[in-house]
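Residue numbers (the working numbering): 195 to 588.
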Ligand SMILES: Cc1ncc(COP(=O)(O)O)c(C=O)c1O
């Protein structure tokens with residue numbers, strides 16, 4: 195490919211205890227499920243880790259001031275967001291962050307509202323925090339997933355405390371527009387809800403005319419009522435290094451969040467800090483090349499799915515995840531069906547949407563082409579449909 199970075203070469207991940215590949219160890223199933231990518235991280239990240247390892251002393255480590263500055267510079271440069279150093283609260287992961295967030299807002303018995311389908315921990319975190327989850331289904335309007343604001347208003351009760359957003363949204367791949375975010379913020383203000391905004395996929399906007407907009411940047415009022423969750427993990431493919439953060443401008447809210455984390459949440463591993471700083475400071479050229487590659491993969495998936503009768507998907511604006519509607523194919527258990535066809539996908543039932551699957555296209559193009567061929571063949575034999583002979587890759 196025309197880039198100084200190589201996303202094409204298939205890297206053998208066997209022997210690294212990788213969740214994604216070991217699930218299907220010894221079976222001919224291409225794993226396109228859990229959200230990590232098969233690519234090596236940016237060279238600058240690997241280099242920084244080498245240097246830190248070479249030092250050889252790995253004691254207790256606080257967030258380096260230079261990392262805090264790197265995050266502030268990144269938020270200012272990429273999102274026009276001026277953030278004070280004290281607003282940042284470091285976390286070893288964002289599933290952890292979602293759970294701390296639920297515990298830090300309201301009281302046991304309160305309600306957390308979220309749009310479904312959704313990344314599963316959004317639905318489990320409230321229950322684990324003695325809150326209840328109130329689901330508001332997204333709607334398909336003109337082939338695009340949108341929030342039903344009337345349903346959102348109807349879902350609000352005197353116990354509603356928290357609106358938990360995923361922005362960009364996993365699994366439907368929407369990057370919420372300014373007006374959509376403003377509507378969410380208006381609802382939150384009208385009903386005095388705290389906004390929890392998981393923006394872990396913020397660095398993965400694929401459409402070039404779209405910019406990620408942190409909801410906290412809409413106004414000082416919205417910023418005050420928002421807890422934003424961020425991480426370099428998805429954009430730079432370092433989720434195994436466990437370094438993420440919450441941005442909380444309101445001192446009371448921040449205090450409650452830190453108290454809820456208590457002494458239960460451990461420190462960030464020092465290599466996570468090292469990788470995060472290198473990613474934010476020196477990873478931009480790699481991330482741009484990655485986005486170009488992912489756009490190609492996304493286009494390929496959209497083209498292939500559109501050509502398979504019984505399957506459909508909407509345009510993926512952001513993330514490396516395709517959300518595919520397989521209800522028209524009459525398959526009982528889509529996860530199992532596609533595994534039997536040699537492709538490991540995430541079953542939509544886990545996201546509160548049976549009849550859908552999520553496909554992770556953060557992999558080399560050749561592997562993706564093979565997986566799409568397997569899907570096409572499996573559906574062809576199931577539905578007795580004759581497919582066009584031309585290659586998906588053209
Ligand atoms: C929206 C969202 N939040 C959180 C996570 C997981 O974050 P972590 O690995 O830091 O726990 C994911 C991973 O796919 C995600 O998509």
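Even glycine gets a Cβ: it sits at the ideal position worked out from N, Cα and C.
No experiment lies behind these values; they were computed from the predicted model shown.
The C-beta distance from residue 234 to residue 465 rounds to 16 angstroms, too long to fall under 8 angstroms, and the pair is not in contact. Annotation for residue 522: 503, 504, 505, 506 place their beta carbon closer than 8 angstroms to its own, counting only its chain and skipping 5 residues before and after. Going by DSSP, residue 451 is part of the alpha helix (DSSP H) stretching over 445-455. Scanning its chain for C-beta atoms nearer than 8 angstroms, with the 5 sequence neighbours on each side dropped, one finds around residue 260 the residues 471, in chain order.
Judged by their CB atoms, residue 552 and residue 315 are not nearer to each other than the 8 angstroms cut-off. Scanning 360, 332, 473 for the CA closest to the CA of residue 238 turns up 473. With respect to residue 443, residue 423 sits apart: the two C-beta atoms are not nearer than 8 angstroms. The three-state secondary structure of residue 341, taken from DSSP, is coil.
Setting aside the 5 residues that flank it on each side, residue 418 is surrounded in the same chain by 443, 444, each with a C-beta closer than 7 angstroms to its C-beta; the list follows chain order. With distances taken between CA atoms, residue 367 lies nearest to 517 out of 270, 517, 374. In the DSSP annotation of this structure, the continuous segment of the beta strand (DSSP E) that includes residue 554 starts and ends at 550-554. Just so you know, the alpha carbons of residue 327 and residue 370 end up roughly 22 angstroms apart. The count of Cβ pairs closer than 8 angstroms, one atom from the segment 456-464 and one from the segment 252-270, reaches three, so the stretches are in contact. For residue 395, the CB contacts under 7 angstroms within the same chain, skipping 5 residues up- and downstream, are 362, 364, 428, 512, 513 in chain order. Counting the other Cβ atoms within 10 Å of the Cβ of residue 425 gives 16 or more, which makes it buried.
In this structure residue 231 is not in contact with residue 434, their Cβ atoms being roughly 12 angstroms apart against a cut-off of 8 angstroms.
Per DSSP, residue 476 lies in no beta strand (DSSP E) segment; the continuous alpha helix (DSSP H) that holds it begins and ends at 464-476.
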